[in-house]
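**Q**
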Amino acid sequence: MPDQKATIYGMPYVPGFVQGVLWKEVSRVTADSILLLSQTDVDSLQDLPAGFIVVEGAPLSHAMVKFLSIGLPTIIIDSQQAASLQDGDVISLDGVTGGISQHTENNLRIPVSANTHRQTKACTTDGVVVQLRASVRNVVAVKKAVSVGADAIGLVRSEFLLPQDGSIPDVDFYRQAFKDLCEAANTLPVTIRLLDITADKLPDCLANVDAVGGALGMQGVRLFKLEPIRSMLHAQLNAINDLRRTYDIRILVPYLVRREELQYWVDYIHKYLDDPIKIGAMVETPASALDFYHWFDIVDFVAIGNNDLMQCLFAADRNLPELSNYLDPYAPLLFRFLKQVANSANGYIEQVQLCGLLSQLPGILPVLLGLGYRAFSVDVAMIPYLKQTINTTNLSTAEALAMRVCSCTETRQVQEILNIHSKFGGFS
C-alpha cells in the first residue's frame, strides 16, 4: 500500500476521483497531472489536467462556474491549505468528499464513480420522480447531457453562443446555433435563456457597452433596450420563431423583479412569435422569489437562479473571493427562505425549476427535496451523482432532515447534521 499522509478537506466543487502529480504552473499541465491555481487562471489554460485544486475560489462566481462546465474533478481550498501542497507531490483528489491526500507512490486504485447511474431515472426510494435537467453553453455539453440521461435541457446560456470572428451575432448565426443545440438534444425539450449579459460575462463584441453592471445594476432584461444588445435579442427571437415548429423550444427571460416588468417583456416577446410558445421567468432576487406565485397567469414556469438570488439575499458580490463566507450555502436562514418560497408556490411547485450551484453541493439536494422542490437544472457533470443521491433518498426522511436544518441557528449545526467537512461557510 502506498504511504498516505494526512488528508485535507476543502469544498468539493466538481465530483470525480483522480490522482496524479501536482503542479502549480499552468505551463506544466499534462493530462495526468493535477493543477493548483486561482479561479482567474482558468482563462489562460491551453491544455487540461486530470483535476483542479482552486485556491480561495468564490464558489458562486462566473469564473468558478467555468470549472463546472469543464467537468473535471475540482476542489476549492484556502491559502493555508495550499501552503501544505508542493510541486511534484503525488495527490489523490476526491471531488465528492473534498478530500485531498498526499502519497509517496503514484499507484493508487481509482474507485468506481457514479457513472454507473447514468441511465437510471431520478426517483426517490418511495417513488417520487425528480427532474434532473442540464444547464449548458454549447453543443458538446448537450450531447453529454443526452448521454447521461438528462430529462431536458433546462437552461441554455445563450450569451456564450458567439461567432468565432468576434462579430455581433445575427439571426442567421442564432438560427444555426439554436438548430445545432436542438439537433444534439434529440427529442429533449430545450429551454433557451435569452441574453443574460453581466459585467463579468461581457463578450468582446459588446466591449463598448458602458452601461453593463453587476447584480444591483444593469444586467439581464435591464439591457434589452440598449444597442447592440437589442438587435441581438431580436435576432434570437426571430431565430426561435423560425425553429419552434420543428423543435421543442421554450424561452427563459433573465433577471426579472416585478410582475409589471414580466408582463411587459412577455408581451414584447409575443410580437416576434407567430404562435404561442412556453415562456419562463428567471427568479433571481428576494423580491421576485416572494412574488412569483402571482406570475403564473403570465408565464408557464419559473426558474429560480440560486447564484444571483444568494448574492442579493446576503448582500455580497458572488465574484469576490473575499466575500465567500457571506455567500454561505449551509446557512440555515437560506433554507428557511427557500422553504418560504416553496410554500408560496402552492400548487405550482411542479412548474418551478431550481438552477445554480446550491443543489450540486454535498448534502444539500436531500434538503431541497424535503422542502418540496422537484426539478433542478444542473451542470452535466453533476447529473450521475445527483441521480445516485436521489435514488437512495427517502422523501419522508428528507422532509424530516429539512425541518432539522431549518430549525438550526448557525452554519456549523447544519454542517454537522449533513456531515460536511468543508471549511467554507460560516465565520469559524
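For the sequence shown, the residue numbers in our numbering are 713 to 1140.
All residues carry an ideal CB built from backbone N, CA and C; glycine is no exception.
Note that the structure is predicted; figures quoted are calculated from it, not measured.
Is it buried or exposed for Gly932, if we count other Cβ within 10 angstroms and need 16 for buried?
**A** Counting Cβ neighbours within 10 Å, Gly932 comes out buried, since at least 16 surround it.
**Q** Applying the 10 Å Cβ sphere with the 16-neighbour rule, what's the burial state of Tyr1085?
**A** buried
**Q** Beta strand (DSSP E) containing Arg845: first to last residue?
**A** Gln843 to Val848
**Q** Does the beta-carbon of Leu1025 have 16 or more other beta-carbons within 10 angstroms, so that it is buried, or is it exposed?
**A** Only buried fits Leu1025, as 16 or more other CB atoms lie within 10 angstroms of its CB.
**Q** Between Asp882 and the rest of its own chain, which residues show a CB-CB distance below 7 Å, the 5 nearest in sequence each way excluded?
**A** Only Ala947 meet the Cβ criterion.
**Q** Can you tell me whether Gly722 is buried or exposed, with buried defined as 16 or more other CB within 10 angstroms of its CB?
**A** buried
**Q** With a Cβ-Cβ cutoff of 8 Å, do Val738 and Leu747 count as a contact?
**A** yes
**Q** On a CA-only basis, which of Ala1027, Met776 and Pro1033 is nearest Leu1046? Give me that one, please.
**A** Comparing Cα positions, the closest option is Ala1027.
**Q** Out of Ala1093, Pro1096, Pro1078 and Cys1118, state which residue places its alpha-carbon closest to the alpha-carbon of Ala1110.
**A** Pro1078
**Q** What three-state label does DSSP hand Ser773 in the structure shown?
**A** coil
**Q** Give the list of continuous beta strand (DSSP E) stretches no shorter than 3 residues that lie fully inside the region 943 to 973.
**A** For the region 943 to 973, whole beta strand (DSSP E) runs of length 3 or above, ordered along the chain, are 961 to 968.
**Q** Which whole runs of the beta strand (DSSP E) in the region 1003 to 1047 are 3 residues long or more, in chain order?
**A** 1013 to 1017
**Q** Which residues in the same chain have their Cβ closer than 6 Å to the Cβ of Gly811, if we skip the five residues on either side of it in sequence?
**A** Excluding sequence neighbours, Gly811 sits near Thr719 and Tyr721.
**Q** Taking DSSP as the reference, what is the three-state secondary structure of Ile788?
**A** strand
**Q** Buried or exposed: where does Leu893 fall if 16 or more other Cβ atoms within 10 Å of its Cβ makes it buried?
**A** buried
**Q** According to DSSP, what are the bridge partners of Ala993?
**A** Val965 and Val1014
**Q** Is it right to say Arg869 is buried, meaning 16 or more other beta carbons lie within 10 angstroms of its own, or is it exposed?
**A** buried
**Q** Going along the chain, which residues of its own chain have a beta-carbon closer than 8 Å to the beta-carbon of Arg942, five neighbours each way excluded?
**A** Phe936
**Q** Return yes when the Cβ of Ser804 is within less than 8 Å of the Cβ of Gln731, no when it is not.
**A** yes
**Q** Would you mind sorting Arg905 into buried or exposed? The rule is 16 or more other CB atoms within 10 Å of its CB.
**A** buried
**Q** Can you tell me which of the three DSSP states Cys917 falls into?
**A** helix
**Q** Assuming Gly807 is part of the alpha helix (DSSP H), what are its boundary residues?
**A** Neither: Gly807 is in no alpha helix (DSSP H) and is coded neither H nor E.
**Q** Does DSSP put His815 in a helix, a strand or coil?
**A** Three-state result, His815: strand.
**Q** Would Ala1114 count as contacting chain B if we go by Cβ distances under 8 Å?
**A** Note that chain B does not occur in the displayed structure, where there is just one protein chain.
**Q** Could you check whether Val965 and Ala919 sit closer than 8 Å to each other, using their CB atoms as the reference points?
**A** no
**Q** Would you say Thr836 and Leu1107 are within 8 Å of each other, going by their C-beta atoms?
**A** Taking 8 Å as the Cβ cut-off, Thr836 and Leu1107 qualify as a contacting pair.
**Q** Give the C-beta separation of Gly861 and Asp1029 to the nearest angstrom, bearing in mind that I take them to be a contact with Cβ-Cβ under 8 Å.
**A** Contact doesn't hold; Cβ gap of about 36 Å is too wide.
**Q** Apart from the five residues just before and just after Phe1004, which ones in its own chain have a Cβ nearer than 6 Å to its Cβ?
**A** Val995 and Val1014
**Q** Grab me the residues of Gly878's own chain with a C-beta within less than 7 Å of its C-beta, minus the 5 sequence neighbours each way, in chain order.
**A** Asp916 and Cys917
**Q** Within the continuous beta strand (DSSP E) that includes Val1090, where are the two ends?
**A** Where Val1090 is concerned, the enclosing beta strand (DSSP E) starts and stops at Ala1087 to Asp1091.
**Q** Taking the straight line between their C-alpha atoms, what separation do you get for Glu1062 and Ile1010?
**A** 16 Å
**Q** Sorted by chain position, which residues of the same chain lie with C-beta nearer than 8 Å to Ile1154's C-beta, five sequence neighbours on each side aside?
**A** Past the edges of the chain, shown from 713 to 1140, lies residue 1154, and the structure says nothing about it.
**Q** Suppose the cutoff is 6 Å on Cβ atoms and the five residues either side in sequence are ignored; what does the same chain contact list for Ser773 look like?
**A** Arg1030 and Asn1031
**Q** So the candidates are Ser813, Gly1075 and Asn1018; which of them puts its Cα closest to the Cα of Leu1050?
**A** Asn1018
**Q** Would you mind giving the Cβ-Cβ distance between Lys891 and Leu945, rounded to the nearest angstrom? I have them listed as a contact below 8 Å.
**A** In fact, because the Cβ distance is near 18 Å, the residues do not count as touching under 8 Å.
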